[in-house]
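Notes follow the structure.
Residue numbers (my numbering): 247 to 432.
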């Protein structure tokens with residue numbers, strides 16, 4: 247009887263924990279930290295499990311948000327085509343929000359850099375237009391912004407963990423009562 251009771255408790259505790267796994271980003275194009283030197287036409291994010299319709303992404307950088315056309319969800323893949331093919335040089339972030347296989351919304355970010363070579367004739371023309379007394383403005387590195395945004399996001403798994411603990415305590419109490427009832431019958 248003790249072996250059956252122990253096996254029952256293990257099954258109850260192991261069941262909810264396996265359902266707590268959240269979908270994570272498996273790979274992306276462009277990849278985290280990648281330097282892009284060719285025009286970017288499409289963004290592809292591949293996740294560890296299936297994702298649901300309603301998942302989306304946004305491209306930010308160079309002080310603006312860029313439009314993604316035809317955002318498509320297919321199995322474990324989220325794809326979007328860029329409306330603007332020639333992105334200005336600088337740091338960018340793909341901010342994604344998906345609905346994982348377990349139904350929970352999950353957010354994340356992929357940072358990359360665009361470093362296109364500028365045509366020397368265009369560069370010379372631009373330099374001739376630039377006035378000497380224009381102050382230089384420096385940008386805040388994208389990594390600092392990403393870290394502060396990540397820190398501000400609450401952990402969505404806290405509520406799930408609390409419900410798992412409560413269900414486990416309830417299951418143990420029920421198993422204890424069932425054990426006492428079976429023991430009294432003997």
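Where is the CB? At the ideal position from N, CA and C, for every residue including glycine.
query	result
Three-state secondary structure (DSSP) of residue 431	helix
Where residue 285 falls, given that 16 or more other Cβ within 10 Å makes a residue buried	exposed
Residue 296 vs residue 321 beta-carbon contact at 8 Å	yes
Element boundaries [beta strand (DSSP E), containing residue 337]	336-345
Sequence-distant residues of the same chain with beta carbon closer than 8 Å to residue 274, five excluded per side	289, 290, 291, 292, 340, 356
Cross-strand partners of residue 353 (DSSP beta bridge)	343
Inter-residue CB distance, residue 358 and residue 300 (contact presumed, cutoff 8 Å)	About 25 Å; that fails the 8 Å criterion.
Residue 303 vs residue 342 beta-carbon contact at 8 Å	yes
Option nearest residue 362 by Cα separation, candidates 334, 427, 346	334
Burial state of residue 427 (16 or more Cβ within 10 Å)	exposed
C-alpha distance - residue 347 paired with residue 353, whole-angstrom precision	14 Å
Bounding residues of the beta strand (DSSP E) (the contiguous stretch that carries residue 316)	314-320
Residue 327, enclosing beta strand (DSSP E) - first and last residue	323-328
Close beta carbons around residue 270, own chain, < 6 Å, minus the five adjacent residues each side	294
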